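S.K.:
What follows is the structure, given as structure tokens:
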């Protein structure tokens, strides 16, 4: 029948070609015209009703089940994998007969099962089959569309997702479905919903990355460009059976399909790197990069990396070890890789634009079309052809037939869709409509063309406004007319007549919120209720005599011509601002033309706001009413109708703005030019770069088998600091500094030579260019305006002329300077091998960071060098000054020179010797005290603050004028006297700086200290102190004396207090705020003082939220972040942390096993990290957990938590504790949940031994 039908279409095609274009254009014109006239179509699912008007089916929600099943929403549920054996919830598998019986009983025929990676079978009546083995967003989008189409077809339909395949891929699929169906606002929220519903916690970086990809698709860029994979660099290769990878093979897949294999001949490999470089290898969409090792005919997969090319542009992107997916058994385990493993992927882009392959548009017909393609059974082609011949849509017809509807019911359903407007033909693009028309012309003969016109007329296109669309329940529910009529509401009251004004008026109006008149309002039901108001008393309380004439006059004036309330409001604000400045708004011409110098920038902007626009002038000129009737604001705008005034204001605004910003731009260009010139001409910089080049070639060429490099990218200076030797303090950067100090110590003047680079490192010259261009455009506009001004004010014209002349000269000079700087920047980028399209700020930032580090390293080296002249280094954390025996720190000549500087000439040598010894003793004493402060701060470097604290402890005034952040450099003169050199200033640079702001004038204020012996309580006086209460009790006096003992109180600074409050606040905030708090707890280095406060707060938080799973999860993560912080000393607080964490493991009130598992992981971290340092920690933890597990009085959940925590601590505990006591537990206690888990552990142990 299909072949005959095709031949018939081919025969009729020639006769219909001439009429095709005419029909197509007619339909397009009608649809486009009606689309503009129509307001909108519904985008909600439609309920199909039967003859009785009721829903087709009522689901039985009382049916109980015992399967691996999770309900994400009322219409979407997830089931475990279906198989022939009995249901096993632990392994996530359901018996297919049991699950089918449950679904049939609960949902009857109104459900469809989406089965992944499964061959077609007849288990379920309605099935969708998709292949999804890896991260493939193309397939995921098609699944989302098919599900959205199925749910939109009928809101009673239920989607059943069979969980089969990789857990992370399935989690991504469910998250994308929830996001595409608009159940949640973003994909990350959808993922959290799925994990929370299914009680799962597996999250990999790949899953998080793809979740972000899908969210980014909704914010996709305007243009995507053709992309090619240029290079893959794999660093720090793992070893296989203690042998390195010597025969690699890289396989690349695109969008789930094999793309290309690269063998050893295409790859460059050494001991640490694998480098693949390809040319013109274009990629698009999902990529899977897999590395294999071929050894003796056996292929071993090392790793696989997933990414989506649409989220990356031109450049290099680094993926670390955490970015790989280790949830499959195909690759090497994570422990085989080093921590510094990385994969660098380089993409090149050209200027060829490409289309976006993921079509996320929600089109009902397209979604149903995808749904039809993936059903697992066939339909009757004869019935489908008959429906098409009758003019019914082919896609809708196929969907109805696939879902099991008969031909008559299918017709009713499709008619129902047409009548309700569910088929959004007006939303179809022009290309879709043309394809639709083409298909219709090819399928139908001349008689069927009339059927096509009949279809258009009956699909709601000609009278769209007559139809009402059924929507899902909104947040705000409106009652139907039938419901309102049952309340017997009365009609709207007649419109009230205007009432004459009373003799009294309220002092101010009652500002309430009114509602419009409505027949459904409750206020229509109040007519029979009478309330008597005492108007006399009301007037006495709230009213005052009314000025009737003024009030009526004000009411009559309340007439608006412009009808733009926002515009009138802004003008009124400007008028009030000018009135506060005492500017005559009724005579603005005189103010502008004669006193413009007195106007500030804000005044000119306010005046410009008042001036009417051309549109407003036309509206005002067409007003035919009385001028006295309009409001005061528009009166002022009526009076100001001077074109020249607006032109002058524009010029004056540009003048104020120009004088405010021109010096800033000029100084930026001046500083930038100085830095660029010094970079190009600095010999010291060249020496440093040469030294770095020699060090790099020494490491790679002389001591390793690599080619000798000609040069290097400036970003390679970062690598100097992380290239470490055998010890942690031995870096290539330190070696560079030591070498330069010994050979060319004068080279470190470069830090002062290029000091301005820190100031302008973030100044992009292209941004400066935009500012200059803005000036030039404003200047050109002012010139054009100035030529058209017709003003007789000679002084104003001279002033404007002088300003424009000056601005012309300035802009011309500044343009020349910018061009010169641009040339310098191009030369610098070429010299450093950078792309000229890139910003020079990258080079400046690298040099700035390098110079700061260089200066710090040099100063540290010089301080240590000077200390070693006098100090011998001991095992003590700081250098002990008191170990010096026979060395005099201060000579008699030094003290004699100091005495002469004070005017003392005749001093005995013995006195100088005694004075030197005493001075030496005092300095040693201060240094020892300063060392104690340094140790208490857990530092190994003495600071100026330590010395000041030591002086204060000795009741000596601290030293002022020294910045703790700066390190002092002492220089020597021939007479062995050291001094701190002053900073050298470039006089020319200093004179070219902008002048500072004029300081405020000094002023004196007087206030009363006391009046007749009484101090007034004003802000200038200190607060009076409370007198202590005299205690007569002898015992109380003893206690008071005991309290007077000196105590070293723990005082927090205001900054730390604020930090603590913010962390506690963020703990209970949004998800984003909690992530910030967790990151701060893990990476912040200055919270040592806050540790006891945090632990106390966390413990109280656990007690208060013992039944709140979400808050408990947060506090466990806070504990974990605090324990993982490498910058704090947490050991003294372990005895406080462990009880709180163990409470979350074995507490009887903990209802969620996820909490126990999370807390157990924290206990495991503490056990592994600290048990080797503290001998009593491991036994205490084991005794607590074992005692709880074997205690009959504990509930089942507490025993489960204790057993789970024991099982993850170590394999030795599994053998010596759990297996040893397993039979005892089964015989004496034998709780089902714990026993099942115990049996699972025993089987796992036996399997591992086998």
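Numbering (UniProt numbering), first residue to last: 1 to 1250.
A virtual CB, placed ideally from N, CA and C, is assigned to each residue, including glycine.
Keep in mind it's a predicted model, so treat the numbers as computed, not measured.
1) Could you tell me the boundaries of the alpha helix (DSSP H) in which residue 90 lies?
2) For residue 706 and residue 231, what's the separation of their Cα atoms in angstroms?
3) Can you have a look at residue 80 and say buried or exposed, based on whether 16 or more other CB atoms are within 10 angstroms of its CB?
4) Expressed to the nearest angstrom, what Euclidean distance is found between the alpha-carbon atoms of residue 767 and residue 802?
5) In the DSSP assignment, find the beta strand (DSSP E) that holds residue 127 and state where it starts and stops.
6) Using only alpha-carbon positions, find the residue among 1126, 1155, 1124 that is nearest to residue 1105.
7) Just list the alpha helix (DSSP H) runs in the segment 1168 to 1238, keeping only unbroken ones of 4 residues or longer that don't cross its boundaries, in chain order.
8) Which residues does DSSP pair with residue 113 in a beta bridge?
9) Select from 1087, 238, 809 the residue whose C-alpha is nearest the C-alpha of residue 776.
10) Can you name the start and end residues of the alpha helix (DSSP H) that residue 210 belongs to?
11) With residue 1251 and residue 96 assumed to form a contact (beta carbons below 8 Å), what rounded beta-carbon distance in angstroms separates them?
12) Here's the rule I'm using: 16 or more other beta-carbon atoms within 10 Å means buried, otherwise exposed. How should residue 753 be labelled?
13) Under DSSP, the beta strand (DSSP E) around residue 319 begins and ends at which residues?
14) For residue 659, count neighbouring C-beta atoms within 10 Å of its own C-beta (all shown protein chains included) and say buried if the count is 16 or more, exposed if not.
15) Using C-beta distances below 7 Å, list every residue in its chain close to residue 1195, excluding the 5 sequence neighbours before and after it, in chain order.
16) Expressed to the nearest angstrom, what Euclidean distance is found between the alpha-carbon atoms of residue 734 and residue 1116?
17) Would you list, in sequence order, the uninterrupted alpha helix (DSSP H) runs of no fewer than 4 residues that lie entirely inside the segment 716 to 799?
18) Measuring CB atoms only, is the segment 68 to 80 touching the segment 149 to 169, in the sense that at least three cross pairs come out at less than 8 Å?
19) In whole angstroms, give me the CA-to-CA distance for residue 198 and residue 73.
20) Indicate the three-state DSSP secondary structure (helix, strand or coil) for residue 1078 in the structure shown.
21) Would you say residue 1203 and residue 1162 are within 8 Å of each other, going by their C-beta atoms?
22) So residue 266 is in the beta strand (DSSP E); what residue range does that whole segment cover?
23) Let me check understanding here. Comparing Cα to Cα, which of 395, 1120, 124, 294 lies closest to residue 1083?
24) Measuring only the C-alpha atoms, how far is residue 340 from residue 67?
25) Please name the residue in 745, 358, 254, 321 whose C-alpha comes closest to that of residue 138.
26) According to DSSP, is residue 181 part of a helix, a strand, or is it coil?
27) Quick check on this structure: which residue in 388, 403, 381 has the alpha carbon closest to the alpha carbon of residue 368?
28) Which first and last residues belong to the beta strand (DSSP E) in which residue 342 is found?
29) Answer with buried or exposed for residue 1018, where buried requires no fewer than 16 other C-beta atoms within 10 angstroms of its C-beta.
30) Are the segment 623 to 637 and the segment 595 to 605 touching by the rule of at least three beta carbon pairs closer than 8 Å?
31) If you compare alpha carbons, which of 962, 1221, 132, 157 is closest to residue 174?
32) Check each candidate in 150, 949, 1233, 409 and name the one with the smallest Cα separation from residue 90.
33) For a quick check, are the C-beta atoms of residue 920 and residue 950 less than 8 Å apart?
34) Measure from the alpha carbon of residue 211 to the alpha carbon of each residue in 948, 306, 856, then state which is nearest.
35) In angstroms with no decimal places, state the Cα-to-Cα distance between residue 715 and residue 275.
36) My output table needs one value for residue 594: the three-state DSSP class, helix, strand or coil.
M.R.: Quick look at the numbers:
1) Within the chain shown, residue 90 is the residue found at index 90, counting from 1. Annotation: residue 90 is outside any alpha helix (DSSP H) and is labelled neither H nor E by DSSP.
2) Position 706 of the chain shown holds residue 706. Position 231 of the chain shown holds residue 231. When rounded, the distance between both Cα atoms is 19 Å.
3) Within the chain shown, the letter at position 80 stands for residue 80. The residue in question, residue 80, is buried, as its Cβ has 16 or more Cβ neighbours within 10 Å.
4) The sequence position of residue 767 within the chain shown is 767, counting from 1. The sequence position of residue 802 within the chain shown is 802, counting from 1. Roughly 28 Å separates the two Cα atoms.
5) Here residue 127 corresponds to residue number 127 of the chain shown, with the count starting at 1. Element bounds for residue 127: 127 to 130.
6) In the chain shown, the residue the question calls residue 1105 occupies position 1105. Residue nearest to residue 1105 within the set 1126, 1155, 1124 is 1155 (criterion: CA-CA distance).
7) Contiguous alpha helix (DSSP H) elements confined to the segment 1168 to 1238 occur at 1177 to 1189, 1196 to 1209, 1219 to 1228, taking only those with 4 or more residues.
8) Here the question's residue 113 lines up with position 113 in the chain shown. Per DSSP, 127, 160.
9) Position 776 of the chain shown holds residue 776. Checked all of 1087, 238, 809; the closest Cα to residue 776 is 809.
10) For the purposes of this step, residue 210 is identified with residue 210 of the chain shown, where counting begins at 1. It spans 205 to 217 - the alpha helix (DSSP H) in which residue 210 sits, taken as one unbroken run.
11) The requested residue 1251 does not occur in the structure, where the chain is confined to residues 1 to 1250.
12) The residue given as residue 753 occupies position 753 in the chain shown. Under this definition residue 753 is a buried residue.
13) Within the chain shown, residue 319 is the residue found at index 319, counting from 1. From DSSP, the beta strand (DSSP E) with residue 319 extends over 315 to 320.
14) Indexing the chain shown from 1 puts residue 659 at position 659. Exposed is the call here.
15) If you number the chain shown from 1, residue 1195 lands on position 1195. Within its own chain, the residues whose Cβ lies closer than 7 Å to the Cβ of residue 1195, once the five positions on either side in sequence are excluded, are 1148, listed in chain order.
16) Working through the chain shown from its first residue, we reach residue 734 at position 734. Working through the chain shown from its first residue, we reach residue 1116 at position 1116. Near 41 Å, if we compare the C-alpha coordinates of residue 1116 and residue 734.
17) Restricted to the segment 716 to 799, the alpha helix (DSSP H) segments that are unbroken, complete and at least 4 residues in length are 717 to 722, 732 to 743, 750 to 753, 757 to 760, 765 to 788, listed in chain order.
18) Touching, per the Cβ criterion.
19) Residue numbering aside, residue 198 sits at position 198 when the chain shown is read from its first letter. Residue numbering aside, residue 73 sits at position 73 when the chain shown is read from its first letter. The straight-line gap from Cα to Cα measures roughly 12 Å.
20) Position 1078 of the chain shown, counted from the first residue, corresponds to residue 1078. The three-state secondary structure of residue 1078, taken from DSSP, is helix.
21) Counting from one through the chain shown, the residue named residue 1203 turns up at place 1203. Counting from one through the chain shown, the residue named residue 1162 turns up at place 1162. In this structure, residue 1162 does not lie closer than 8 Å to residue 1203 by Cβ.
22) One-based indexing of the chain shown puts residue 266 at position 266. Membership of residue 266 in any beta strand (DSSP E) is not indicated, and neither H nor E is assigned to it by DSSP.
23) By one-based count along the chain shown, residue 1083 stands at place 1083. For the set 395, 1120, 124, 294, the Cα lying nearest the Cα of residue 1083 is the one of 1120.
24) As a first step, residue 340 must be located in the chain shown, where it is residue number 340. As a first step, residue 67 must be located in the chain shown, where it is residue number 67. Cα-Cα distance, rounded: 44 Å.
25) Indexing the chain shown from 1 puts residue 138 at position 138. That would be 358, whose Cα lies nearest to the Cα of residue 138.
26) For this step, residue 181 is matched to residue 181 along the chain shown. In this structure, residue 181 counts as coil in the three-state DSSP scheme.
27) For the purposes of this step, residue 368 is taken as the residue at position 368 of the chain shown. Checked all of 388, 403, 381; the closest Cα to residue 368 is 403.
28) Within the chain shown, the letter at position 342 stands for residue 342. Taken as a continuous stretch (DSSP letters only), the beta strand (DSSP E) holding residue 342 covers 342 to 354.
29) On the chain shown, position 1018 is the one that residue 1018 refers to. Answer is exposed; the Cβ neighbour count stays below 16.
30) Under the Cβ criterion (8 Å, minimum of three pairs), the segment 623 to 637 does not count as touching the segment 595 to 605.
31) Taking the first residue of the chain shown as position 1, residue 174 is located at position 174. When the alpha-carbon of residue 174 is set against those of 962, 1221, 132, 157, the nearest one is in 132.
32) Along the chain shown, one-based indexing puts residue 90 at 90. Each of 150, 949, 1233, 409 was checked against the Cα of residue 90, and the nearest Cα belongs to 1233.
33) As a working note, residue 920 is residue 920 in the chain shown. As a working note, residue 950 is residue 950 in the chain shown. One thing to note: residue 920 has its Cβ no nearer than 8 Å to the Cβ of residue 950.
34) On the chain shown, residue 211 is found 211 positions in, with the first residue counted as 1. Closest option to residue 211, Cα to Cα, is 306.
35) Start at 1 with the first residue of the chain shown, and residue 715 comes out as number 715. Start at 1 with the first residue of the chain shown, and residue 275 comes out as number 275. Their Cα atoms are separated by approximately 20 Å.
36) For the purposes of this step, residue 594 is identified with residue 594 of the chain shown, where counting begins at 1. Reduced to three states, the DSSP call for residue 594 is helix.
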